[in-house]
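These notes concern the structure reproduced below.
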Amino acid sequence: MLLYNLNFEMNITSDRLLIRELSLEDAKLVHEIHSIPEVDKYNTLGLPIDIEETKKLISTAIDDQSNKVRKQFAWIVSLKESENIIGLCGMFLIADKFKMGEIYYKLKPKYWGNGYATEIAKALVNFGFNEMKLHRIEAGTAVKNIKSLSVLEKIGMTKEGIRRKILPIRGKWVDGYQYAIVEDDVRDY
Numbered sequence: 365m366l367l368y369n370l371n372f373e374m375n376i377t378s379d380r381l382l383i384r385e386l387s388l389e390d391a392k393l394v395h396e397i398h399s400i401p402e403v404d405k406y407n408t409l410g411l412p413i414d415i416e417e418t419k420k421l422i423s424t425a426i427d428d429q430s431n432k433v434r435k436q437f438a439w440i441v442s443l444k445e446s447e448n449i450i451g452l453c454g455m456f457l458i459a460d461k462f463k464m465g466e467i468y469y470k471l472k473p474k475y476w477g478n479g480y481a482t483e484i485a486k487a488l489v490n491f492g493f494n495e496m497k498l499h500r501i502e503a504g505t506a507v508k509n510i511k512s513l514s515v516l517e518k519i520g521m522t523k524e525g526i527r528r529k530i531l532p533i534r535g536k537w538v539d540g541y542q543y544a545i546v547e548d549d550v551r552d553y
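Heads up, our numbering is the position in the sequence shown plus 364, with the first residue counted as 1.
Structural data, given as structure tokens:
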């Protein structure tokens, strides 16, 4: 049996957040988030040219929702209390044999500093270990992305090293830190 045999919508909730799978109707929201200069600062995708480019960007994740074997998840994040959209997040799955995933998250700047990124990252780690039965979950970030480094350390990930000139950001190759957590690491969430 294949590890990621899920061809249904997968939604997650946390204390304050609703994390639901992306749909094509979310293209405008994703475009807006990716078009915010502060969000783009460490974004390897670059600013999308237009909404059509954003639709192409998210269509792979949306198409994957109907695949018998899932390779990725992409979610829209909203506040439970108000249903305001605050960001997006996702997880890429790496071959069954390795039982490994990689997470990412992006928030609108007005929601920074409230613990939402940490809450999202914890929810993704729990989803990966509890639902997907992963062995290892990774995340990478630019070495200058202090806010993201802090999130990864708060959720108990271990900094495993630096990957030199790995991230293409605004026409330059920049260094990134590699973080990971494995299923038997101690977590308080």
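All residues carry an ideal CB built from backbone N, CA and C; glycine is no exception.
Query raised in the report: Do you know how far the Cα of Lys497 is from the Cα of Asn369?
Result: Below a pLDDT of 50, predicted positions are generally treated as unreliable, and Asn369, at 45, falls in that range; the measurement from the model is reported next regardless. Cα to Cα, the separation comes out at about 12 Å.
Report task. Identify the continuous alpha helix (DSSP H) that holds Ala459 and give its terminal residues. Result -> Counting along the chain, Ala459 falls outside any alpha helix (DSSP H), and DSSP gives it neither H nor E.
Query raised in the report: Smallest Cα separation from Asn375: which of Ala481, Glu502, Met464, Met455?
Result: Met455
Query - Inter-stretch contact (C-beta, 8 Å, three-pair minimum) for the stretch 418 to 428 and the stretch 460 to 477 - result: no
Requested in this report: Report the rounded CA-to-CA distance for Leu386 versus Phe493, giving the unit in angstroms.
Outcome: 21 Å
Query raised in the report: Expressed to the nearest angstrom, what Euclidean distance is found between the alpha-carbon atoms of Pro401 and Asp552?
Result: 34 Å
Query raised in the report: Can you pull the DSSP bridge partners for Ser442?
Result: Leu382, Ile449
Requested in this report: List the DSSP bridge partners of Arg527.
Outcome: Gly540
**Report entry** Bridge partner(s) assigned by DSSP for Leu471
**Finding:** Gly451
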